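Notes follow once the structure below has been shown.
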Amino acid sequence: MRLERRTQPSARALLLAPLAAVAFTLAVTSLLVLWAGAPVGRAYALLLEGGFGSRFALTETLTRATPLILTGLAAAMAFRARLYNIGAEGQLYAGALAAVAVGGLHGGTGFELAPALLFPLMIGAAMLAGALLLLGPALLKSRLGVDEVVSTLLLNFVVLLVVSALLDGPMKDPSAMGWPQSVALQDALQLDRLIERSRVHTGLVAALVLAVALWALLRFTTLGFEIRALGSGPRAAAFAGLPVARTGVVVALLSGALAGLAGAVEVAGRAGYVTLDMSPGYGMSGIVIAMLAMLNPLAVVAAAVFVAGVFVGADSMSRAVTVPTFVADVIVAVALIAMLVATMLTQYRVRWGTPR
Amino acid sequence: MTETLELLGSAAFWGAVLRIATPLILGTLGVLLCERAGVLNLGIEGIMVAGAFVGWLVVFQGADLWTGVLAAAAAGALLGLLHAGLTVGLALSQHVSGLGITLLATALASYAYRVSFPKVDSPPTITPFAPMTWLPVPVLNTQTALTLLALVLVPLVAWVLYRTPLGLAIRMVGENPAAAEGQGLSVAGLRTGAIVAGSALMGVAGAFLTLSAFNAFFFTMVNGRGWVCVALVVFASWRPGKALAGALLFAFFDALQLRLQQAGGGVFGVELPYQLYLAVPYLMALVALVLVARRAAYPQALMKPYRKGER
Numbered sequence: 020m021r022l023e024r025r026t027q028p029s030a031r032a033l034l035l036a037p038l039a040a041v042a043f044t045l046a047v048t049s050l051l052v053l054w055a056g057a058p059v060g061r062a063y064a065l066l067l068e069g070g071f072g073s074r075f076a077l078t079e080t081l082t083r084a085t086p087l088i089l090t091g092l093a094a095a096m097a098f099r100a101r102l103y104n105i106g107a108e109g110q111l112y113a114g115a116l117a118a119v120a121v122g123g124l125h126g127g128t129g130f131e132l133a134p135a136l137l138f139p140l141m142i143g144a145a146m147l148a149g150a151l152l153l154l155g156p157a158l159l160k161s162r163l164g165v166d167e168v169v170s171t172l173l174l175n176f177v178v179l180l181v182v183s184a185l186l187d188g189p190m191k192d193p194s195a196m197g198w199p200q201s202v203a204l205q206d207a208l209q210l211d212r213l214i215e216r217s218r219v220h221t222g223l224v225a226a227l228v229l230a231v232a233l234w235a236l237l238r239f240t241t242l243g244f245e246i247r248a249l250g251s252g253p254r255a256a257a258f259a260g261l262p263v264a265r266t267g268v269v270v271a272l273l274s275g276a277l278a279g280l281a282g283a284v285e286v287a288g289r290a291g292y293v294t295l296d297m298s299p300g301y302g303m304s305g306i307v308i309a310m311l312a313m314l315n316p317l318a319v320v321a322a323a324v325f326v327a328g329v330f331v332g333a334d335s336m337s338r339a340v341t342v343p344t345f346v347a348d349v350i351v352a353v354a355l356i357a358m359l360v361a362t363m364l365t366q367y368r369v370r371w372g373t374p375r
Numbered sequence: 039m040t041e042t043l044e045l046l047g048s049a050a051f052w053g054a055v056l057r058i059a060t061p062l063i064l065g066t067l068g069v070l071l072c073e074r075a076g077v078l079n080l081g082i083e084g085i086m087v088a089g090a091f092v093g094w095l096v097v098f099q100g101a102d103l104w105t106g107v108l109a110a111a112a113a114g115a116l117l118g119l120l121h122a123g124l125t126v127g128l129a130l131s132q133h134v135s136g137l138g139i140t141l142l143a144t145a146l147a148s149y150a151y152r153v154s155f156p157k158v159d160s161p162p163t164i165t166p167f168a169p170m171t172w173l174p175v176p177v178l179n180t181q182t183a184l185t186l187l188a189l190v191l192v193p194l195v196a197w198v199l200y201r202t203p204l205g206l207a208i209r210m211v212g213e214n215p216a217a218a219e220g221q222g223l224s225v226a227g228l229r230t231g232a233i234v235a236g237s238a239l240m241g242v243a244g245a246f247l248t249l250s251a252f253n254a255f256f257f258t259m260v261n262g263r264g265w266v267c268v269a270l271v272v273f274a275s276w277r278p279g280k281a282l283a284g285a286l287l288f289a290f291f292d293a294l295q296l297r298l299q300q301a302g303g304g305v306f307g308v309e310l311p312y313q314l315y316l317a318v319p320y321l322m323a324l325v326a327l328v329l330v331a332r333r334a335a336y337p338q339a340l341m342k343p344y345r346k347g348e349r
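Those protein sequence lines, which keep their order, are chains A and B. The number in the working numbering is simply the position in the first sequence, starting from 1, with 19 added. The number in the working numbering is simply the position in the second sequence, starting from 1, with 38 added.
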């Protein structure tokens, strides 16, 4: 068997690829649902309804999608430049913690600055925390050749332990009855509701604007060109005289900042404080979303809504039929692999037998 | 100070070192085999979860412990085959495919556990491997047969890699697949074989957790051990002997932090948060990566997909 690059991927194949991936995912999941002893049709109907079928379902899905769009963008930007940032989870927590450190109610009142000043400071601190956390691995990669995949993966564990220690110590909310949770944000810094009687907050608007902005950045700016060139081949980019090292640093700062922002938005838009379980794997899901979106910032939005809908829908489905909520994780993982294979087959043709 | 010396003289401490090191040795050998053939396998974290679950489930259903180990190896091999199909057959990104395998294996194991045991308050248990008390070797006789297996596998893997034609072929496809192809070797076949064998070892590494170290399955039981193995392989410069040394060194610090944490009283009289102790192993792995980075002799074709006839 060998692979042959297609000169021109056909438009039909490009359209069919995601559909085939979804069909395959549904087929695999059906088997698992059957194994759990639930009726397949009803399970899917419940999942769809729980994720998208009502006003409540849709707003819950959008709320869940907000941090996922941001971590998805963080992964997409980094992967575009071949910087494999697997540390978005840690960067998200670092951002959340930095947001509370700036905007929290320390000593009962917090920093007494005008909210109009404190809010940008809070967002800036969160983005800086995430950016700096990724800058280390990026520099270690470019200067010493330390594989960033392993270093960012390991940093996730370190950051979570640091957060845990801080929630037990200096950042602990004294009024939380011994619960490990941080001090709350000042009320004035919390994000407004976007839709009445729902949990959707203005963070969603920020995420959508950023998705469009990053798409434009990749497409129309010099930096975007440099990022894409780095992604197609760092050696070629260096030969062409592009500032490879500088672009790598900029991408790291950008990707880390986006993940840090996800943390701040999640804190300011939802709970109002940091807990150790505030992110049910938003960082890892971000990578899946970026891959599902083929690293396109605009497609990240659609992929994030899909993944969020699956998780929200699975939660609601598992209350009605005997299918564990872990089915959502399976769907997302199978969808990722199926999508990878499908997109690959649009670019390559598999030939059997040996060439003559 | 005297307490520390006493600790280093105690058989219980060194027993703990061996116990912590065992899954790391098995996992590191698994990663090493894959990477020597030129393929990164980030699926290890999930493959260990799957191995831990499958091994435990088979024993829980009434099979004997070694059947459980074999089942875990088979589960690992199967996931390895999937990784090989994606990275060798279809030449997909090794990073992304590996992460996909980790997500898939973890999700499937968690799903299967919940389907099999919908409502349990405490995790069901099995009778794990007993220590080899018959062995006339101190410290080792407090450990189980799986630890012995891990220790025996180190020279075995080294022998295969450095003293057999097969080992030479595996190393060759990891360094220069085009040259190997020119010698009439099957790059795809060798890489697939190495990934399947390595992933089987990762499955056994996971099974050690449920069949020897503990007696039940928990969702978070692997907890980054797989990623640590990936770091240890770099630290070991892709050599089995050094991998053993790295795993033992790592386990030594892990056991030490556990003891210090239990003893309390802090370090030099300063009370430290327990999370700091828990972070030590991960920080150690990071420091090790940085220290060896400059002289790291990566297999030349690592992470480079090989497509026949394409340069």
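Every residue gets a Cβ at the ideal spot worked out from N, C-alpha and C, and that includes glycine. Just so we're clear, the structure is a prediction, and the values are computed from it rather than from any experiment.
Return the first residue and the last residue of the alpha helix (DSSP H) that residue i is part of.
i, result
"A/LEU159", "Neither: A/LEU159 is in no alpha helix (DSSP H) and is coded neither H nor E."
"A/ASN104", "Segment: none, A/ASN104 is in no alpha helix (DSSP H) and carries neither H nor E."
"A/MET303", "301-311"
"B/GLY123", "Counting along the chain, B/GLY123 falls outside any alpha helix (DSSP H), and DSSP gives it neither H nor E."
"A/ALA225", "222-239"
"B/THR144", "132-154"
"A/THR171", "167-187"
Identify whether residue i lies in helix, strand or coil by the three-state DSSP scheme.
i, result
"A/GLU23", "strand"
"A/ARG375", "Confidence at A/ARG375 is low in this model, with a pLDDT of 49, below 50, so its placement is unreliable and the value that follows should be read with caution. If DSSP states are grouped into helix, strand and coil, A/ARG375 belongs with coil."
"A/THR85", "helix"
"A/GLY122", "helix"
"B/THR60", "helix"
"A/ARG31", "helix"
"B/SER275", "coil"
"A/ARG212", "strand"
"B/GLN181", "coil"
"B/LEU78", "coil"
"A/THR294", "strand"
Could you round the C-beta distance between residue i and residue j to whole angstroms and report it? I think they count as a contact, below 8 Å.
i, j, result
"A/THR278", "A/ALA93", "Note on identity: in this sequence residue 278 of chain A is Ala, with Thr being the wrong assignment. Confirmed, Cβ separation roughly 4 Å."
"B/GLY241", "B/ALA111", "5 Å"
"A/ALA113", "A/VAL178", "6 Å"
"A/LEU233", "A/THR221", "Actually they are not in contact, since the Cβ atoms of A/LEU233 and A/THR221 sit about 19 Å apart, beyond 8 Å."
"B/ALA188", "B/ILE63", "4 Å"
"A/THR341", "A/ALA64", "That pair is no contact at about 15 Å."
"A/ASP192", "A/ALA203", "7 Å"
"A/ILE88", "A/VAL320", "6 Å"
"A/LEU208", "A/PHE130", "About 10 Å; that fails the 8 Å criterion."
"A/LEU400", "B/TYR149", "Missing from the structure shown is residue 400 of chain A; chain A here goes from 20 to 375 and no further."
"A/ILE306", "B/LEU137", "6 Å"
"A/GLN110", "A/GLY275", "5 Å"
Starting from residue i, trace the beta strand (DSSP E) both ways and give me its first and last residue.
i, result
"A/TYR367", "367-370"
Classify residue i: buried if its beta carbon has 16 or more other beta carbons within 10 angstroms, exposed otherwise.
i, result
"B/GLU44", "exposed"
"B/GLU83", "buried"
"B/MET210", "buried"
"B/TYR200", "exposed"
"B/LEU329", "exposed"
"B/GLN313", "buried"
"B/VAL117", "Here the sequence assigns Leu to residue 117 of chain B, which means Val is not the residue at that position. With 16 or more Cβ atoms within 10 Å of its Cβ, B/LEU117 is classed as buried."
"A/LEU314", "buried"
"B/GLY106", "buried"
Quick one: what's got a C-beta closer than 8 Å to residue i's C-beta in the same chain, skipping five residues either side?
i, result
"A/PHE71", "LEU77, THR80, GLY328, GLY332"
Tell me which same chain residues have a C-beta within less than 7 Å of the C-beta of residue i, skipping the five on either side of it?
i, result
"B/ASP292", "ILE58, PRO319"
"B/VAL87", "ALA143, THR144, ALA147, GLY244, VAL260"
"A/PHE43", "ALA357"
"B/LEU103", "VAL97, PHE167, LEU249"
"A/ALA84", "ALA323, VAL324, ALA327"
"A/VAL369", "MET20, LEU22"
"B/MET322", "PHE288, PHE291"
"B/TYR151", "PHE91, PHE255"
"A/SER170", "PRO156, LEU159"
I'd like the list of long-range same chain contacts for residue i, defined as Cβ closer than 6 Å, with 5 residues on each side in sequence excluded.
i, result
"A/LEU237", "GLY243"
"A/ARG375", "Below a pLDDT of 50, predicted positions are generally treated as unreliable, and A/ARG375, at 49, falls in that range; no measurement from the model is reported."
"B/ALA34", "No information on residue 34 of chain B is available, as it lies outside the stretch 39 to 349 that chain B covers here."
"A/GLU167", "TYR103, PRO156, LYS160"
"A/THR82", "ARG218, VAL219"
State yes or no: is the beta carbon of residue i nearer than 9 Å to at least one beta carbon in chain D?
i, result
"B/ILE139", "Of the protein chains in the structure, A and B, none is chain D."
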